[in-house]
Each structure stands twice: as structure tokens, then as C-alpha cells.
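Engineer:
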Amino acid sequence: MSVYIQSNMAGHPGLKRYARTEVRPGEGGIGARLFAASRASCHEGSAALPFGGMDLALSSALNAPEPRNMILVTPAGVPAADGRPAGMMPSFDGAISNEDLAALLQYLRAHFSDKAPWSSLGGSIPAARRELQKTGQP
Amino acid sequence: MSLTLNVNGTDREVSADPQTPLLYVLRNDLRLNAAKFGCGLGQCGSCTVVIDGKAVTSCTLPIMLLKGRRITTLEGLGSPQRPAPLQQAFIDMQAAQCGYCIAGMMMRAHALLMSVADPSDAEIRAALEPNLCRCGTHMRIIAAVRRASRLAHKSREDAR
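Protein chains in written order, with the numbering used here: chain A, 11 to 148; chain B, 20 to 179.
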């Protein structure tokens, strides 16, 4: 347990300086275009938390050795908390296919972290999403 | 750039940038004005439509993801002359005040009723939770979804 907490909480994850995502029509890979089209308005917007999205360079899920938490949170979103102000993220589960999710997460990993690409990404997605369906979230 | 979207059972040709949110294409290009622009961030639910049986906020959904997907908007459920059971239930229960959230509420309820024909109050509340209503119509909305479930059950019985 302490190893797990240490791995998630120990100091700042390697904070990478990154350029804002800008994609001209017809350019960029599918991951970059997806991020620019549907995620950047929150995650690279000017609003502070909880109204804007978190700075993804600070995300422990995105800097983790395994992609599992990113695979789960991207489709599931973060539901609104009951009775107190808190950040939320819409669910993208009905919107995004496994292939597009893989492309998006590879782009995020390369753009917002300085870690190596996830090798197991494509193979882990279908099983993780099936698990998501079973738990009823979202 | 031209792209084919299947909306309410019909293939529609649209000319738009692939990054355009579905909501803009529905309202501006296809003149389907039921889905509303609320926050533009997927946080209020007024733009909710159903894609392949799942409720999705169309304001954060670029059309590049929608090749070969089945899009259903409120217009696809029924018409003013022949409302679907869900629409009839909202009329019966007068479940609207300003009405801005209602199209989204109905589409989220539609997705629920497709997967759970007879939902409990708790299931209705949990399913509709992502959609906001600032008028406070919630109790009537919940009653309308309950009624829709009964009406759909009755029309299935009658069809037997």
C-alpha cells in the first residue's frame, strides 16, 4: 500500500513544459485533433479549478507507468459531488471508440508527460471498458 | 469537408470541419433545434442526444467520431402530431417550466428507458444526474419518466 501511495503522491510527477494544442484544419494526428476539438476547452482553458479542467501535466494518471487510470477516467468522467462544490468531467463513454481512445491517450502521454509511450495501451482498453460497464459507471 | 451522419434513421450529408461539435451541425446545418447550447463544456446536459443507445453531450462531441454511428435527437422520437410515449408523458405531467433543459432530460431518459424498461426512482435520479435544471422542475421530470415507462409498457401490451 505504501509503495502504491508513494508512487502516486511522491512529489510532483515530472512536470513537463508543453505548448498549447493548436491544430489547423486537416493537420495533426487523430489524438491531437480529438483533444483540440473536445478536451482543450477545459484542460487548456483559462478557468481555474473547479470550473476549468486540471492541468494534465500534473496528472499522476497520465504520468503513471500503466495507462489503466487514464483508460478508466476518460470514458467515465468524474461525476458531480453531492452537496458541495467540486470539479466534474463529462462522460465520454458513449462518444469514443476504443481505437480513438487509444489515439487520444497516446497523444496526451507524448504531449503532457516526458515518460515513455505506454506499450500496453491498445490491448488494455477493451477489458478495462468492459469492467467499467459492469460496475455501472458511468 | 463533407461527411455523412446518420441522424434519426436518415443519412445526412454535412459539409463541416471534422472538429465541429455535433451540436452545431445539428442546429445550424440540419436545423434540428431540440438540443440546446447551455454551457458548451459537457457540464449541463441541455445538448444531450443519444448515440448508439447511449446519452452523450453533443457540445463536446466532434463529428469526426461519428462515422457509422446512429444519432438520435428528440425530433427522432415523435412529432407534435404523434408524440412518443416519453413525449406524451412529459406533456401529461406538464414537466417543463422554461423548458431549456427538457430536450436533454428527455434524451437522457430515453437512453435509460432503452436499457431499463421499468426504472426505480433511484435509477431515474442516478441516470438524470448529469443534466441540470435551474427552474426546479425535477419532481415533475421524475414523475414524467415514471409515466413514460408505464405508457411504453401499456403500448407494448396493446400491441400484443
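Glycine included, each C-beta is placed from N, C-alpha and C at the ideal position.
For the alpha helix (DSSP H) that Val75(B) lies in, which residues bound it at each end?
Structural biologist: What you label residue 75(B) is simply residue 56 of the second sequence in a count that begins at 1. No alpha helix (DSSP H) contains Val75(B), which is instead part of the beta strand (DSSP E) from 73 to 76.
Engineer: Would you verify that the beta carbon of Pro136(A) is, or is not, closer than 8 Å to some beta carbon of chain B?
Structural biologist: In the first sequence, the residue the question calls residue 136(A) occupies position 126. Answer no: the Cβ-Cβ gap between Pro136(A) and chain B never drops below 8 Å.
Engineer: Could you tell me whether any Cβ in chain B is nearer than 8 Å to the Cβ of Asp103(A)?
Structural biologist: For this step, residue 103(A) is matched to residue 93 along the first sequence. Answer yes: the Cβ-Cβ gap between Asp103(A) and chain B drops below 8 Å somewhere.
Engineer: Enumerate in chain order the residues of its own chain whose CB-to-CB distance from Arg50(B) is below 8 Å, with the five nearest sequence positions on each side excluded.
Structural biologist: On the second sequence, residue 50(B) is found 31 positions in, with the first residue counted as 1. Excluding positions up to five away in sequence, the list is empty.
Engineer: List the whole-angstrom C-beta distance separating Leu80(B) from Leu41(B), where the pair is believed to meet the contact cut-off of C-beta under 8 Å.
Structural biologist: As a first step, residue 80(B) must be located in the second sequence, where it is residue number 61. As a first step, residue 41(B) must be located in the second sequence, where it is residue number 22. Indeed they touch by this definition, with Cβ atoms about 5 Å apart.
Engineer: Three-state secondary structure (DSSP) at Ser129(A)?
Structural biologist: In the first sequence, the residue the question calls residue 129(A) occupies position 119. Coil.
Engineer: If the cut-off is 8 Å on Cβ atoms, which residues from the region 51 to 68 of chain A count as contacting chain B, listed in chain order?
Structural biologist: Correct list: Ser51, Cys52.
Engineer: Flag this pair as touching only if the region 65 to 73 of chain B and the region 115 to 126 of chain B have three or more C-beta atom pairs under 8 Å; answer yes or no.
Structural biologist: Verdict: yes, contact present.
Engineer: Using a Cβ-Cβ distance under 8 Å, would Arg51(B) count as near chain A?
Structural biologist: Here residue 51(B) refers to the residue found at position 32 when the second sequence is read from its first residue. Inspection of the sequence shows that residue 51(B) is occupied by Leu rather than by Arg. No, its Cβ sits nowhere closer than 8 Å to a Cβ of chain A.
Engineer: Please classify Ile110(B): is it buried, with 16 or more other beta-carbons within 10 angstroms of its beta-carbon, or exposed?
Structural biologist: Position 91 of the second sequence, counted from the start, is the residue given in the question as residue 110(B). Exposed, since its Cβ has fewer than 16 Cβ neighbours within 10 Å.
Engineer: Checking contacts by CB at 8 Å: is Ala90(A) closer than that to chain B?
Structural biologist: The residue given as residue 90(A) occupies position 80 in the first sequence. With 8 Å as the cut-off, Ala90(A) counts as an interface residue toward chain B.
Engineer: Reducing DSSP to helix, strand and coil, say where Ala20(A) ends up.
Structural biologist: Looking up residue 20(A) in the first sequence gives position 10. Bear in mind that the predicted position of Ala20(A) carries a pLDDT of just 48, short of 50, making it unreliable; the figure below should be weighed with that in mind. Three-state DSSP puts Ala20(A) in coil, outside helix and strand.
Engineer: So, Ala114(B) versus Ala74(B), is the Cβ gap smaller than 8 Å?
Structural biologist: To locate residue 114(B), count along the second sequence from 1; it is residue 95. To locate residue 74(B), count along the second sequence from 1; it is residue 55. No. Outside cutoff.
Engineer: Contact between the region 98 to 106 of chain B and the region 128 to 142 of chain A: three or more CB pairs below 8 Å?
Structural biologist: The answer is no - the region 128 to 142 of chain A does not touch the region 98 to 106 of chain B, with fewer than three Cβ pairs under 8 Å.
Engineer: Can you have a look at Gln117(B) and say buried or exposed, based on whether 16 or more other CB atoms are within 10 angstroms of its CB?
Structural biologist: Numbered from 1 along the second sequence, position 98 holds the residue referred to as residue 117(B). Residue identity check: residue 117(B) is Cys in the sequence provided, not Gln. Exposed is the call here.
Engineer: Let's see if you can read the secondary structure: which residues bound the alpha helix (DSSP H) around Asp111(B)?
Structural biologist: By 1-based counting over the second sequence, the position of residue 111(B) is 92. Unbroken alpha helix (DSSP H) run through Asp111(B): 104 to 111.
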